[in-house]
Structure formats: C-alpha cells, structure tokens
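For reference, the structure is listed below as structure tokens.
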Amino acid sequence: MEVKQDKFSSVDEMRPHTLQTTVSIPLSDDDAALTRLGKKPVLNRSFGFVTILGFSCTILITWEASLFVFVSGLTNGGPAGIVYGYIVAWAGMICIFITLSEMVSMAPTSGGQYHWVSILSPPSMQKFLGYITGWLQLTGWQAIISSSGLLTGTMIQSLAVLTHPEYRDRMQNWHGTFISWGIILLNYTINAFFSK
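Per the working numbering, the sequence shown starts with residue 822, numbered consecutively.
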C-alpha cells in the first residue's frame, strides 16, 4: 500500500494566508459600561425618550389614579390640595428616579434592585438582602400588573354603567374580573408578539 504525501508540511501551511486587521467599533455608553463590568453587550436597546416617558406613565398610572382619588382630593384639600399634592408626589418620584438612575449608571445589569442591594450591602448580608429584595421586586411586579388590570377593568365597567344605565341591573362582580383579565392578556399579547 502506497501512502500519498501532501505538498503541505504543516497545518498552518494548509490555511489560506489572510491579512489580520483590527477594526475598532465605537461602543455606545451602555455597551462601554457593560464591557467595564465584564459583561458582553448582547441585547438591542430600543428605549428612547418617548418610550421611557410612556413606560413611566404606565407604571405610575398617574391619569387613571387621578380619576379615582379626585373626589377625595377635592373634599379634603380642594383644587389647591390636588395641585400641591401632585407637585409633592412628583418631586418625591423624581428623587427616587434620580437615585435609581445613579445606580443604573454605576452597574447597568438586568438584576436591577436586588443586584444593587447585593453590591451595596455588607458582605455578611449580601445574599440574604439580595434574595429578599428580589422576591419583593417580583411581588411588586405582580401587584402592579393585577392592580393596573383591575383599575382599568373597573373603569371600563364604570363607563359602561355611565353610558348604559340599564346595565346596572345586570352587572355582576365577575364582569369586572373578566375585563381585568382581558386587559392583562391584551398587554401581554402586545408586549410578547408586537414589540420590536
């Protein structure tokens, strides 16, 4: 049996010779911060000013909540109480947002609050406080989803009673629950299938 020898003496000679060049791609501020933390930027960040403004209005449910607390504000403080209360609440939320944005600029990770609590806690309490904060954060997300859905569902049901007074005689409590579930499923569908 005859062994045929290749004209290459090593594996390196078999590879085509290419010119190795280094291309420097400018990183965004977010990507640079993630690289500084040792993380590889993977996700596309598509949040702009309008998106963040819409998200904050959705989370704070400012306009919807104002409709429900409008009567108590007028009876307890009048129009001036509503205006000044809104300004005080707005100033408090700005303080919270400034603090959170400072921590986000320090460590922009998907962990959010439980990661920051773990970083800023004493070493002996990091795991415990991070764990508790993570569970509180998860419970808060679930409470926001359910309360926003219930608030919107009951507002729709109230509008139905307002525009069709005969509905009041047939109205059941479970109607509002079904409307709430419909609102939550609509939000889930939009976020899961129609976002970028």
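No residue lacks a Cβ here, since even glycine has one placed at the ideal position from N, Cα and C.
Close-in-space but distant-in-sequence residues of the same chain around G970 (CB under 8 Å, 5 per side omitted) | The beta carbon of G970 is closer than 8 Å to those of S1001, W1002, I1004, I1005, N1008 in its chain, skipping five residues each way along the sequence.
Label S939 either buried or exposed according to how many other C-beta atoms from any shown protein chain fall within 10 Å of its C-beta, with 16 as the threshold for buried.
-> Buried is the call here.
Sequence-distant residues of its chain with Cβ nearer than 6 Å to G951 (five each side left out) = Excluding residues within five positions, the ones whose Cβ falls inside 6 Å are Y935, V938, S939.
Just how far apart, CA to CA, sit L864 and D850?
-> Taken atom to atom, the span from the alpha-carbon of L864 to that of D850 is near 14 Å.
Can you say whether Q978 is buried or exposed, counting buried as having 16 or more other CB atoms within 10 angstroms of its CB?
-> Buried, because 16 or more other Cβ atoms sit within 10 Å of the Cβ of Q978.
Alpha carbon of R857 to alpha carbon of A928, nearest angstrom = R857 and A928: Cα-Cα distance of roughly 9 Å.
Does DSSP put E987 in a helix, in a strand, or in coil?
-> The DSSP-derived three-state label of E987 is coil.
Neighbourhood of I903 by C-beta, 6 Å cutoff - its chain only, sequence neighbours within 5 removed | So the qualifying residues of the chain are G894.
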